[in-house]
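Trainee: Okay, here's the structure, questions in a sec.
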Amino acid sequence: MHYLIEIPWEYPFLIFLGFIVSIINTMAGGASIITLPILIFLGLPSNVANGTNRIAIMMTAFSANMGFKSKGISTYPFSAYTGACALLGSVIGAHIAVDIKDETFNKILSIIMILVILIIILKPAIGYGKLNFRLTGKHLRISCLVFFLLGIYGGFINAGIGFIIMLFLHYYNRLNLIMVNATKVVIVLVYTIGAFLTFFFNGLVDLPYGLCLGLGTLIGGWNASRFSVEKGEGVIKIFLVISALIIAVKLWFF
0 MHYLIEIPWE YPFLIFLGFI VSIINTMAGG ASIITLPILI FLGLPSNVAN
50 GTNRIAIMMT AFSANMGFKS KGISTYPFSA YTGACALLGS VIGAHIAVDI
100 KDETFNKILS IIMILVILII ILKPAIGYGK LNFRLTGKHL RISCLVFFLL
150 GIYGGFINAG IGFIIMLFLH YYNRLNLIMV NATKVVIVLV YTIGAFLTFF
200 FNGLVDLPYG LCLGLGTLIG GWNASRFSVE KGEGVIKIFL VISALIIAVK
250 LWFF
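Following numbering that gives the first Met the number 0, the numbering of the sequence shown begins with 0 at its first residue and continues without gaps.
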């Protein structure tokens, strides 16, 4: 007698979703705005969805980091210092028990997305050949402070933080967009570990859903990171603008 193992439809769906959003997240950012509502729609309480989503974020960042390393792209030790500071902030953020109105938060974040689009489109050209990366000295110290503060937000909800990280690294630290992405995934990986453990030890993680979502992101993050290096900055800008625009519209009207 043969027995068929019935697999809930949510599992393959979440694997596919993870693959798609990890490409968006690696090349631009904002995937949590997509995954969080879906996890809630599937029946998870908001705080559990927030904790479960951290598995996908970690796996995306890990696979993307491996992809960038395979191409020889790294900003170590800058990424390690800023990541450690973000980690401290994320533990604080994950412990914050503050209720905010979803509608107010979404409209504010929507405005931020539009501002990011305008800056990307209208920014003056930066002569990278004449400028050195700002990764040491006072620039490192200021970056550590900024990423500590960003870590608090990242630990709290994380949604949309990729855009802010990219903006700061690009304009303050003078990194091109490929180096920005390579640095971003290391920082996100480090601080998300702290946030995930906080949610996990408080019983706010659905492991089956999180691992399915994470499996898809593991595959997508690797491919997206290598693709972005091969295709250069142009394709990253396209993904960044399109992703930010879609998220901004969704936040404001839905």
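Every residue gets a Cβ at the ideal spot worked out from N, C-alpha and C, and that includes glycine.
Do PHE318 and LEU134 have their C-beta atoms closer together than 8 Å?
Mentor: Because the chain in this structure spans residues 0 to 253, residue 318 falls outside the shown range and cannot be described.
Trainee: Quick check on this structure: which residue in ILE54, VAL204 and ASN46 has the alpha carbon closest to the alpha carbon of SER21?
Mentor: When each option's Cα is compared against that of SER21, the closest is ILE54.
Trainee: Kindly give me the distance between the Cβ atoms of GLY150 and ALA85, rounded to whole angstroms, as I take these residues to be in contact under 8 Å.
Mentor: Right, their Cβ atoms sit about 3 Å apart.
Trainee: Look up PRO7 in the DSSP assignment and say whether it is helix, strand or coil.
Mentor: In the structure shown, PRO7 sits in coil (DSSP, three-state: anything other than H, G, I, E or B).
Trainee: Since LEU144 contacts TYR80 with CB under 8 Å, what's their CB separation in whole angstroms?
Mentor: Incorrect: roughly 11 Å between the Cβ atoms, too far for contact.
Trainee: Taking C-alpha atoms, which residue in GLY161, LEU174, VAL248 and CYS211 lies nearest to PRO7?
Mentor: Comparing Cα-Cα distances from PRO7 to each of GLY161, LEU174, VAL248 and CYS211, the minimum goes to CYS211.
Trainee: Taking the C-alpha atoms as reference points, what is the distance between ILE18 and SER73?
Mentor: Before going on, a small fix: residue 18 reads as Phe here, not Ile. Spanning the two alpha carbons is a distance of roughly 24 Å.
Trainee: Quick check on VAL204: does DSSP put it in helix, strand or coil?
Mentor: Note: VAL204 maps to coil in three-state DSSP.
Trainee: Under the three-state reduction of DSSP, which class applies to SER73: helix, strand or coil?
Mentor: DSSP places SER73 in coil when its eight states are reduced to three.
Trainee: If we ignore side chains and look at the alpha-carbon of each, how far apart do LEU16 and ASN131 end up?
Mentor: Each residue's alpha carbon lies about 39 Å from the other.
Trainee: Can you tell me whether GLY202 is buried or exposed? The criterion is at least 16 other CB atoms within 10 Å of its CB, across all chains shown.
Mentor: Its Cβ having fewer than 16 others within 10 Å, GLY202 is exposed.
Trainee: Write down the C-beta distance between GLY92 and PHE195 rounded to the nearest angstrom, noting that I regard them as a contact closer than 8 Å.
Mentor: About 12 Å; that fails the 8 Å criterion.
Trainee: Where does THR135 sit, in a helix, a strand or coil, going by DSSP?
Mentor: Of the three classes helix, strand and coil, the one that applies to THR135 here is coil, per DSSP.
Trainee: Pull up the distance between the alpha-carbon of ILE218 and that of ILE110, whole angstroms please.
Mentor: Taking the straight line joining both Cα atoms gives about 32 Å.
Trainee: Since SER89 and THR191 are thought to touch, with beta carbons under 8 Å apart, how far apart are those beta carbons, to the nearest angstrom?
Mentor: Yes, they are in contact, since the Cβ atoms of SER89 and THR191 sit about 7 Å apart, within 8 Å.
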